[in-house]
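A short write-up of the structure that comes next.
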Amino acid sequence: MNKKLHSILLVEDDEATNFISQMVIKRMDCADHVKVAWNGAEALDYLKDCKNTPEGQPDLILLDINMPALNGWEFLEEYNKLGDQEKGQVVVVMLTTSMNPDDHKRAICHPDVSGFRNKPLTKGLMEDILDAYFNR
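In terms of UniProt numbering, the sequence shown opens at residue 1 and continues consecutively.
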């Protein structure tokens, strides 16, 4: 049996996308908790206080680019300023519909981004992410 992640944080403003992602994760039974942040600002607030939540520090963040309040790039700028305890050992994967090659280049060059994948989240894509970053 593959090891489950404790917690996944979805940073995504689209309700349908969050529903699909949560359904895939639930059906795969690959995480104990899934938390949704509707934008980068909400995600940062969560990370600063997650030690006081049942979900705790996420193992994986699936991050969209285009969102209100703080988009994915702005989130990463602020995320980079967090302390080690707030950042933990989180794997950040950008999960986006962007076909812009500049977004891909920018993501793979960012020190806090482990991967860049295209939506929607599917079972195969989730298996690839787990295999690539969590040695399953």
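Backbone N, C-alpha and C fix where the C-beta goes; we use that ideal spot for every residue, glycine too.
- When DSSP states are grouped into helix, strand and coil, S114 belongs to the coil group.
- Residue burial annotation: N39 is buried, with at least 16 other C-beta atoms found within 10 angstroms of its C-beta.
- Distances from the alpha-carbon of E86 to those of F75, L95, K51 put K51 closest.
- Looking at the DSSP output, H33 sits in a beta bridge with S7.
- Of the residues A107, V90, D32, F75, the one whose Cα lies closest to the Cα of D45 is F75.
- Annotation for M94: the continuous beta strand (DSSP E) segment containing it runs 91-96.
- Of the residues assessed, N18 falls on the buried side of the cut-off, its CB having 16 or more other CB atoms within 10 angstroms.
- Under the DSSP assignment, L76 falls in the alpha helix (DSSP H) whose first and last residues are 72-79.
- In this structure, A31 keeps its C-beta atom at 8 Å or more from the C-beta atom of A37.
- Judged by DSSP in its simplified three-state form, L63 adopts strand.
- In the DSSP annotation of this structure, G88 is not part of any alpha helix (DSSP H), being labelled neither H nor E.
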